[in-house]
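So the structure is just underneath, and the comments pick up after that.
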Amino acid sequence: MLSIEQIRPELTWRLRHEVLYPNEQLAHMAMEEDNHGYHFGAFQDNALVAVVSLFQRGRDWQFRKFAVTDALQGQRVGTQLLDYITAFVVKENGGLLWCNARLSAIGFYNKFGFSAVGEVFHKNGFDYIIMQKDIPSG
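So for the sequence shown, the UniProt record's numbering puts the first residue at 1; every next one is plus one.
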């Protein structure tokens, strides 16, 4: 069974490294804004198997560094974590949830009502596009 809870930022670094940036040094996984965000981890059998970081700017919420361990990709772990942070943003009266998505993830986000906006951009060796979803007000 999967459980999701808020975690300390440094607990996200190993999975960020392993899944998203395996060729970088682990020390480079910390983000300056980590101390100003919310960080969530999905646990299975007490092992951390997915992480995401969430940052608020007014009613807009950006999620970053969404990583699911390779062994569990395609098994709804990412779906459950995305649903969890979406519900969190709804509860916090957010108006927009968005991310810089790797092009390979567009199909995943489309399934959850996210739309691509703007132009493709290149950063850290990857192509990205902004994916966003309006959050209906309660």
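Idealized CB from N, CA, C, for every residue including glycine.
Item to check | Secondary structure of Met131, DSSP reduced to three states | outcome: Three-state result, Met131: strand.
Next on the checklist: Within 10 Å of its beta-carbon, does His28 have 16 or more other beta-carbons around it, so buried, or fewer, so exposed?
Outcome noted: exposed
Item to check | Given 8 Å, three or more beta-carbon pairs between the segment 69 to 76 and the segment 87 to 102 | outcome: no
Checklist entry - Can you name the start and end residues of the alpha helix (DSSP H) that Leu82 belongs to? => result Val77 to Lys91
Next on the checklist: As a quick exercise: from Asp34, Tyr21, Ala50 and Arg14, pick the residue whose alpha carbon is nearest that of Arg76.
Outcome noted: Ala50
Item to check | For Ile4, three-class secondary structure by DSSP | outcome: strand
Checklist entry - Any idea what DSSP makes of Ala71, helix, strand or coil? => result Reduced to three states, the DSSP call for Ala71 is helix.
Item to check | 6 Å CB neighbourhood of Gly95 in its chain, flanking five on each side removed | outcome: Arg59 and Ile135
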